[in-house]
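Below is one structure, written out as structure tokens; the observations come after it.
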């Protein structure tokens with residue numbers, strides 16, 4: 047079976063969060079606090095629409111300033127039960143992602159973004175230096191991991 051994509055991960059995480067009623071912004075805040083995931087409204091609301099269309103969530107109430115609070119349905123609870131192992135795996139991966147960020151992963155991600163933006167302009171010397179840096183970095187990571195075993 048093919049692994050779910052990022053959107054699939056977010057669907058099951060959001061469904062799990064909606065065991066308690068929440069509005070879209072509350073979901074975004076909770077995902078960031080729990081897992082370090084920063085999602086935009088443009089990502090969250092289409093997921094909510096999809097979950098609602100499939101009968102997995104419903105609008106529980108309209109809160110302050112006409113914000114819709116969503117909650118999981120009985121069908122959604124059954125889905126979570128049937129996919130409990132998948133949910134636990136996704137949570138495990140998301141906690142690992144949060145730890146990665148705490149270890150400096152955000153800085154590393156930003157450095158790679160900068161590299162990709164300027165990759166076509168690299169000199170031969172820069173390419174060779176990066177090649178060596180990547181190899182050394184990979185060796186150091188493996189050594190650290192092996193020392194921990």
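Residue numbers (the working numbering): 47 to 195.
All C-beta atoms in this analysis are idealised placements derived from N, C-alpha and C, irrespective of residue type, glycine included.
Computed from a prediction, not measured in an experiment: that's the story for all the values here.
Checklist entry - Does the Cβ of residue 69 have 16 or more other Cβ atoms within 10 Å, making it buried, or fewer, making it exposed? => result Working through the chain shown from its first residue, we reach residue 69 at position 23. Burial call: buried.
Checklist entry - Under the rule that 16 or more other beta-carbon atoms within 10 Å means buried, what is residue 57, buried or exposed? => result As a working mapping, residue 57 is identified with position 11 in the chain shown. Burial check for residue 57: the Cβ neighbour count within 10 Å reaches 16 or more, so the residue is buried.
Checklist entry - In this structure, does DSSP put residue 65 in helix, strand or coil? => result Counting from one through the chain shown, the residue named residue 65 turns up at place 19. Of the three classes helix, strand and coil, the one that applies to residue 65 here is coil, per DSSP.
Checklist entry - Are the Cβ atoms of residue 154 and residue 82 separated by less than 9 Å? => result Position 108 of the chain shown, counted from the first residue, corresponds to residue 154. Position 36 of the chain shown, counted from the first residue, corresponds to residue 82. In this structure, residue 82 does not lie closer than 9 Å to residue 154 by Cβ.
Item to check | Bridge partner(s) assigned by DSSP for residue 107 | outcome: On the chain shown, residue 107 is found 61 positions in, with the first residue counted as 1. Looking at the DSSP output, residue 107 shares a beta bridge with 115.
Next on the checklist: For residue 101 and residue 76, what's the separation of their Cα atoms in angstroms?
Outcome noted: Along the chain shown, read from residue 1 onward, the residue named residue 101 stands at position 55. Along the chain shown, read from residue 1 onward, the residue named residue 76 stands at position 30. About 22 Å.
Next on the checklist: For the structure I just gave you, are there three or more beta carbon pairs, one from the region 90-106 and one from the region 58-68, closer than 8 Å?
Outcome noted: yes
Checklist entry - With DSSP run on the structure shown, which of helix, strand or coil describes residue 77? => result To locate residue 77, count along the chain shown from 1; it is residue 31. If DSSP states are grouped into helix, strand and coil, residue 77 belongs with the helices.
Item to check | Rounded C-alpha distance that separates residue 186 from residue 195 | outcome: Working through the chain shown from its first residue, we reach residue 186 at position 140. Working through the chain shown from its first residue, we reach residue 195 at position 149. Cα to Cα, the separation comes out at about 15 Å.
Item to check | 7 Å Cβ shell around residue 136 - same chain, five flanking residues per side excluded | outcome: Against the chain shown, residue 136 aligns to sequence position 90. Cβ within range, chain order: 55, 58 and 59.
Checklist entry - Who are the near neighbours of residue 168 in its chain, counting only those whose CB is closer than 8 Å to its CB and skipping five residues on each side? => result As a first step, residue 168 must be located in the chain shown, where it is residue number 122. Answer for residue 168: 176, listed in chain order.
Checklist entry - For residue 141, does the three-state DSSP call read helix, strand or coil? => result By 1-based counting over the chain shown, the position of residue 141 is 95. It is helical.
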